[in-house]
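J.: Residues 3 to 366 in our numbering are what the sequence shown lists, from first letter to last. Just dropping this structure here.
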Amino acid sequence: MRKYRQSPDLFLLVTTFVLLAIGLMMVYSASAVLAANRFGDSLYFLKRQLLFAAVGVGLMFAVMRIDYHFWRSWAKIGLAGCYVLLALVLIPGVGLVRGGASSWLGVGAFSIQPSEFMKVALILFLAKYLSEHQSNLPSFKKGLIPSFMPVLLAFGLIMLQPDLGTGMVLVLTCLIMIFIAGARIKHFAIMGAIGVLGVVGLILSAPYRMKRLTSFVDPWQDPKGSGFQIIQSLLAIGPGGLLGFGLGQSRQKYQYLPEPQTDFIFSIVAEELGFIGAAMVLLLFCLLLWRGILIAIKAPDLFGTLLAVGITGMIAIQIMINIAVVTGLIPVTGITLPFLSYGGSSLTLMLVSIGILLNVSKNA
Numbered sequence: 003m004r005k006y007r008q009s010p011d012l013f014l015l016v017t018t019f020v021l022l023a024i025g026l027m028m029v030y031s032a033s034a035v036l037a038a039n040r041f042g043d044s045l046y047f048l049k050r051q052l053l054f055a056a057v058g059v060g061l062m063f064a065v066m067r068i069d070y071h072f073w074r075s076w077a078k079i080g081l082a083g084c085y086v087l088l089a090l091v092l093i094p095g096v097g098l099v100r101g102g103a104s105s106w107l108g109v110g111a112f113s114i115q116p117s118e119f120m121k122v123a124l125i126l127f128l129a130k131y132l133s134e135h136q137s138n139l140p141s142f143k144k145g146l147i148p149s150f151m152p153v154l155l156a157f158g159l160i161m162l163q164p165d166l167g168t169g170m171v172l173v174l175t176c177l178i179m180i181f182i183a184g185a186r187i188k189h190f191a192i193m194g195a196i197g198v199l200g201v202v203g204l205i206l207s208a209p210y211r212m213k214r215l216t217s218f219v220d221p222w223q224d225p226k227g228s229g230f231q232i233i234q235s236l237l238a239i240g241p242g243g244l245l246g247f248g249l250g251q252s253r254q255k256y257q258y259l260p261e262p263q264t265d266f267i268f269s270i271v272a273e274e275l276g277f278i279g280a281a282m283v284l285l286l287f288c289l290l291l292w293r294g295i296l297i298a299i300k301a302p303d304l305f306g307t308l309l310a311v312g313i314t315g316m317i318a319i320q321i322m323i324n325i326a327v328v329t330g331l332i333p334v335t336g337i338t339l340p341f342l343s344y345g346g347s348s349l350t351l352m353l354v355s356i357g358i359l360l361n362v363s364k365n366a
């Protein structure tokens, strides 16, 4: 008779809490100047992030106690609800526009980002669908296309906001799940070629994306415009050196680097904590992803494996894209750094995802 551990992966839990603590510390350090100037309270962003963290941790422990098979029966309803939310943000007067994208729902300062919920909803749905229809996956028409249609619909709604970065995370996460479930490599090659053409089309169709691409090639051709963010990011990372300027001693947060507490928070980490501090953060991320992969390998059924693969893949893709953007390896796109960047929806849903992963580990 198979024995189950009946206790969560403590290594994963501790790593999550360490990253969360570093994130809270860096959100305050990166945002104090901006918060004082904009709201007259240097603790403004920290207070809100602490609230999001408290809610997220509470939900994480609650979800950790729920058998992950419970989500199988709610996967379709959750996905349908997220489609409705994604449609609502596109209605003028209902969706909140920030940074040129209509991606939020809410009242006043408190809002949610439905695309973050869609990531988790699609992972749950695909884990259910693929585990029940695995035998069809070798077929392009009967397996791959039906599996990918819900993903394309979600991607289309997200691109209408528009939010290419989140759409890329969602699509790549789902492709990893479909591949692990048993889809053929040659089918992925076909879809990859179509995807590349689609991305090129999306870039060419939006002038601001073309500006981001040209600024990626040479940010100094427009240093005060499209190249401003990446230049200021590199000016934070480079001078940080080996040990950094010290916690709280960033120079770029003095209204040089735009919104340093969100997408570019890793630049402040490198500036204040140096190469060693940044490397330690990356090591913690690697440890977290390693535990996620281990949980996926040891899960007792395909549904659990795909859940763990989806959650771990989502976190890994966000980390890679964010770090690549911050260090100038790819064009700028709005992706938060898991557990570190400021943002209620992102942090809460990330902790809920870890709760699901912890429950899978209890059954490993």
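Glycine included, every Cβ here is placed at the ideal spot set by N, Cα and C.
Answer yes or no: do L124 and L107 have a C-beta to C-beta separation smaller than 8 Å?
T.: no
J.: Per DSSP, what are the beta-bridge partners of G1 in this structure?
T.: Given a span of 3 to 366 for the chain in the structure shown, any question on residue 1 remains unanswerable.
J.: Quick check: the Cα distance between K144 and I196, rounded to an integer number of angstroms?
T.: Whole-angstrom Cα-Cα distance: 19 Å.
J.: What residues in its chain sit with their C-beta under 8 Å from that of I332, if we drop five residues either side in the sequence?
T.: F218, I323 and A326
J.: Could you check whether G250 and S31 sit closer than 8 Å to each other, using their CB atoms as the reference points?
T.: For the 8 Å CB-CB criterion, S31 and G250 form a contact.
J.: Determine whether the beta carbon atoms of T338 and D265 lie at a separation below 8 Å.
T.: yes
J.: Could you please give me the residues that DSSP links to L98 through a beta bridge?
T.: According to the DSSP secondary-structure assignment, L98 is paired through a beta bridge with W106.
J.: Counting only the same chain and skipping the five closest in sequence on each side, list residues whose C-beta sits under 8 Å from that of D220.
T.: G229
J.: Can you tell me whether N39 is helix, strand or coil according to DSSP?
T.: helix
J.: For P340 and L139, what's the separation of their Cα atoms in angstroms?
T.: 31 Å
J.: Confirm, please, whether the CB-CB distance from L21 to L284 is below 8 Å.
T.: Between L284 and L21, the C-beta gap is not smaller than 8 Å, which leaves the two residues out of contact.
J.: I'd like the list of long-range same chain contacts for Y131, defined as Cβ closer than 7 Å, with 5 residues on each side in sequence excluded.
T.: Residues of the same chain with a CB within less than 7 Å of the CB of Y131, apart from the 5 flanking positions on each side, are S149 in chain order.
J.: Taking the CB atoms as reference points, tell me whether V65 and V362 lie closer together than 8 Å.
T.: no
J.: Taking buried to mean at least 16 other C-beta atoms within 10 Å of its own C-beta, is S137 buried or exposed?
T.: exposed
J.: Use the C-beta contact count for K49: other C-beta atoms within 10 angstroms, 16 or more gives buried, fewer gives exposed.
T.: exposed
J.: What would DSSP say about Y46, mapped onto helix, strand or coil?
T.: In the three-state DSSP reduction, Y46 falls in the helix class (H, G or I).
J.: Measure the C-alpha to C-alpha separation of L309 and A156 and round it to an integer number of angstroms.
T.: 19 Å
J.: Classify P302 as buried or exposed, calling it buried when 16 or more other Cβ atoms lie within 10 Å of its own Cβ.
T.: exposed
J.: Under 8 Å between the Cβ atoms of Q231 and P262?
T.: Annotated as distal: Q231 and P262, with beta-carbon spacing of 8 Å or more.
J.: Could you check if K188 is buried or exposed, using at least 16 other CB atoms within 10 Å of its CB as the buried criterion?
T.: exposed
J.: Excluding the five sequence neighbours on either side, which residues of its own chain have a C-beta within less than 8 Å of the C-beta of I233, listed in chain order?
T.: P221, W222 and P225
J.: Which residues in the same chain have their Cβ closer than 6 Å to the Cβ of S44, if we skip the five residues on either side of it in sequence?
T.: A34, A37 and A38
J.: How would you label A82, buried or exposed, when you count the other beta carbons within 10 angstroms and need 16 or more for buried?
T.: exposed
J.: Using the Cβ count rule (16 or more neighbours within 10 Å means buried), how would you classify A298?
T.: The residue in question, A298, is buried, as its Cβ has 16 or more Cβ neighbours within 10 Å.
J.: Identify whether T350 lies in helix, strand or coil by the three-state DSSP scheme.
T.: helix
J.: When we look at the beta-carbon of R4 and count the other beta-carbons within 10 Å, is it buried (16 or more) or exposed?
T.: The predicted model places R4 with a pLDDT of 49, which falls under 50 and marks its position as unreliable, so this point remains unresolved.
J.: Entirely within the segment 295-340 and at least 4 residues each: give me those alpha helix (DSSP H) ranges in chain order.
T.: 304-328
J.: Grouping DSSP H, G and I as helix and E and B as strand, with all else coil, what is N361?
T.: helix
J.: Between G80 and L126, is the Cβ-Cβ spacing less than 8 Å?
T.: In contact: G80 and L126 (Cβ atoms closer than 8 Å).
J.: Is the Cβ-Cβ distance between V91 and Q163 less than 8 Å?
T.: yes
J.: At the level of alpha carbons, what is the spacing between F63 and F19?
T.: Approximately 12 Å between the Cα atoms of the pair.
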